[in-house]
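Trainee: This is the structure I have questions about; it appears just below.
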Ligand SMILES: *Cc1c(COP(=O)(O)O)cnc(C)c1O
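Numbering (our numbering), first residue to last: 85 to 308.
Given below as structure tokens:
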């Protein structure tokens with residue numbers, strides 16, 4: 085048995101059934117993705133448009149591709165034909181473009197609203213005020229080719245687990261508010277994408293429904 089297979093099995097013991105594991109394959113070779121595939125895994129995540137676009141046609145058709153990185157509007161068209169979930173919708177402009185490209189390909193693309201919960205300026209994402217302004221604006225209901233399935237966030241890069249927990253708790257709070265106010269009758273608005281290799285257990289304790297895990301499956305990464 086390969087280490088990738090072992091790692092996936094160990095993860096499935098640690099992650100509850102109702103939490104989906106997205107295997108983050110950035111920088112990994114096709115051979116490594118195929119090892120995870122062979123052990124039955126189907127949900128894979130990439131953070132760069134170029135990389136996901138190169139990998140998708142080379143790899144099996146029944147893979148579910150999750151886009152988890154910062155998305156430039158001029159690149160949405162490349163992933164629109166096949167992407168299964170965009171975790172990183174972080175501004176109105178990109179949602180409008182996703183809607184436009186999804187319509188071109190006659191699809192409805194599920195998206196998560198990425199919130200800025202970390203202390204670092206470098207991380208992208210909406211504030212609660214921005215999301216509420218968007219949901220209350222007239223342009224929003226017109227976007228028929230996107231479907232909002234929940235929220236996503238990345239905690240500060242720190243070893244301070246209490247800080248990470250507070251940030252995840254804040255994201256869960258945003259989710260609860262949105263659910264109650266705008267999506268109470270929308271069953272598919274149910275996802276909270278939070279947690280990576282170093283913080284997924286805290287994320288799960290704080291209500292995560294989707295963890296995005298690279299290193300704990302494929303081993304340490306040299307870059308990105
Ligand atoms: C790389 C990445 C991950 C996974 O990181 P690991 O620490 O290897 O688990 C999760 N989410 C995003 C947005 C990433 O870019």
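Don't be surprised by glycine CBs; every beta carbon is placed ideally from N, CA and C. Note that this is a predicted model, so its numbers are computed, not measured.
Please list the segments of the alpha helix (DSSP H) lying wholly inside the stretch 206-232, counting only runs of 4 or more residues, in order along the chain.
Mentor: 212-220
Trainee: For a quick check, are the C-beta atoms of residue 287 and residue 239 less than 9 Å apart?
Mentor: Working through the chain shown from its first residue, we reach residue 287 at position 203. Working through the chain shown from its first residue, we reach residue 239 at position 155. Yes, the Cβ-Cβ distance between residue 287 and residue 239 is below 9 Å.
Trainee: Going along the chain, which residues of its own chain have a beta-carbon closer than 8 Å to the beta-carbon of residue 85, five neighbours each way excluded?
Mentor: Start at 1 with the first residue of the chain shown, and residue 85 comes out as number 1. Unreliable positioning characterises residue 85 in this predicted model, as indicated by a pLDDT of 47, which lies under 50. The coordinate reading is nonetheless provided below. So the list is empty, once near-sequence residues are dropped.
Trainee: When you measure from the CB of residue 171 to every non-hydrogen atom of ligand 1, does any distance come out below 8 Å?
Mentor: Taking the chain shown and counting its residues from 1, the one referred to as residue 171 is at position 87. Yes; taking the cut-off as 8 Å, the Cβ of residue 171 has a heavy atom of ligand 1 nearer than that.
Trainee: What is the DSSP secondary structure of residue 250, reduced to helix, strand or coil?
Mentor: Here residue 250 corresponds to residue number 166 of the chain shown, with the count starting at 1. Correct three-state label for residue 250: helix.
Trainee: What does the alpha-carbon distance come out to for the pair residue 226 and residue 258?
Mentor: Translated into the one-based positions of the chain shown, residue 226 becomes position 142. Translated into the one-based positions of the chain shown, residue 258 becomes position 174. Those two C-alpha atoms are separated by around 23 Å.
Trainee: Indicate, with yes or no, if ligand 1 has a heavy atom lying under 8 Å from the CB of residue 281.
Mentor: Translated into the one-based positions of the chain shown, residue 281 becomes position 197. Checking every heavy atom of ligand 1 against the Cβ of residue 281, one is found closer than 8 Å.
Trainee: According to DSSP, residue 150 sits in a beta bridge with which residue or residues?
Mentor: Residue mapping note: residue 150 aligns to position 66 of the chain shown, counting from 1. 129, 169.
Trainee: Check whether the Cβ of residue 188 lies closer than 9 Å to any Cβ atom in chain C.
Mentor: No chain C appears in this structure, which consists of one protein chain only.
Trainee: Please report the distance separating the alpha-carbon of residue 89 from that of residue 213.
Mentor: The residue given as residue 89 occupies position 5 in the chain shown. The residue given as residue 213 occupies position 129 in the chain shown. Approximately 43 Å, taken between the alpha carbons.
Trainee: Taking 8 Å as the cut-off, does the CB of residue 234 come closer than this to any heavy atom belonging to ligand 1?
Mentor: Counting from 1 along the chain shown, the entry for residue 234 is found at position 150. Incorrect: residue 234 has no Cβ contact closer than 8 Å to ligand 1.
Trainee: Can you grab the Cα-Cα spacing for the pair residue 158 / residue 129, in whole Å?
Mentor: Here residue 158 is taken as the residue at index 74 of the chain shown, counted from 1. Here residue 129 is taken as the residue at index 45 of the chain shown, counted from 1. Rounded to whole angstroms, residue 158 to residue 129 spans 20 Å at the Cα level.
Trainee: Within the continuous beta strand (DSSP E) that includes residue 201, where are the two ends?
Mentor: Against the chain shown, residue 201 aligns to sequence position 117. It is not in any beta strand (DSSP E) - residue 201 carries neither H nor E in the DSSP assignment.
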